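One structure is given below, encoded as structure tokens.
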Amino acid sequence: MTDKFRDDIQLAKACSTNDRTAQRALYERHRNALYRMALRYARDDAEAEDFVHDGLIHAFAKIGQYRGKGPLGGWLRRVVVNVILQELRKRPEITELDRSVEPGVEPEGFDEDAGAIPPATLHRYIKELPLGYRTVFSLYYLEDLTHEAIAKQLGISSGSSKSQLSKAKRKLRRTISTHHPHLQRQKK
């Protein structure tokens, strides 16, 4: 990577003038983190790559809006997440979320069992969740969004967000207890 673009603001300014060297530097600097984040929402590796590609195209078009308040990587992450959510909203699994609301469901804290699972295994279990559950779970726990923010991002009610999170956690608990019964015995 070139030293020419050490500073986020310089890099963003150069990218805004369609400087291909700057765009390549931005891509090289942030692609791995963006890809890991996109995997949380994608069905597979190829879809995660598509999400990052589409997100970066959008980011390059909007890079002039980056003002240097906070790291460029955080700004890129937000842009890519928004592109991913726009794509997910088009899917029937997401548009059906509001129809499956359980009245009065309040999600409790995520089981401590998850902390005893190797991260790669837990990530695999999360990827196995249905798309709606996985999306809400990822936005709540990994992106640290509130139910109100999730509802706004996905075009659903906050009650639906709470319900989907509760269902995701229940399904994860069942998966964990099936594959790791020793964790359930330790709790008693």
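Residue numbering for the sequence shown follows my numbering, starting at 3 and increasing by one per position.
Positions of the beta carbon are idealized from the N, C-alpha and C atoms, including for glycine.
Please read all numbers here as calculations on a predicted model, not as lab measurements.
From residue i to residue j, what does the alpha carbon distance come to, in whole angstroms?
i, j, result
"R93", "S159", "17 Å"
"R91", "E150", "16 Å"
"S140", "R42", "7 Å"
"G157", "L58", "23 Å"
"Y37", "V83", "11 Å"
"A27", "S179", "44 Å"
"S102", "D21", "The predicted model places S102 with a pLDDT of 47, which falls under 50 and marks its position as unreliable, so this point remains unresolved."
"P132", "K171", "12 Å"
"G72", "A24", "19 Å"
Grab the span of the alpha helix (DSSP H) containing residue i for me, first residue to last.
i, result
"R93", "Here R93 belongs to no alpha helix (DSSP H), and DSSP marks it neither H nor E."
"L156", "149-156"
"I178", "160-181"
Buried or exposed: residue i, going by 16 or more other Cβ atoms within 10 Å of its Cβ?
i, result
"D10", "buried"
"K169", "buried"
"R79", "buried"
"A122", "exposed"
"L144", "exposed"
"K164", "buried"
"H32", "buried"
"T137", "buried"
"A63", "exposed"
"K154", "exposed"
"A48", "exposed"
"G134", "buried"
"Q166", "buried"
Please confirm if residue i has its CB atom under 9 Å from at least one CB of chain C.
i, result
"D21", "Among the chains of the structure shown, chain C does not appear; only one protein chain is present."
So, with DSSP's three-state summary, where would you put residue i?
i, result
"P73", "coil"
"D128", "It is Ile, not Asp, that sits at residue 128 in the sequence shown. I128 falls in the helix class under three-state DSSP."
"P121", "helix"
"Y143", "helix"
"Y68", "coil"
"E108", "In this prediction, E108 has a pLDDT of 40, which is less than 50 and means its spatial position is unreliable; what the coordinates show is noted afterwards. Residue state, collapsed to three classes: coil."
"D9", "coil"
"L99", "Only weak support exists for where L99 lies, its pLDDT of 49 falling under 50; the coordinates are left without a value."
"V138", "helix"
Complete alpha helix (DSSP H) runs within the segment 19-58 (minimum length 4 residues, chain order): 22-41
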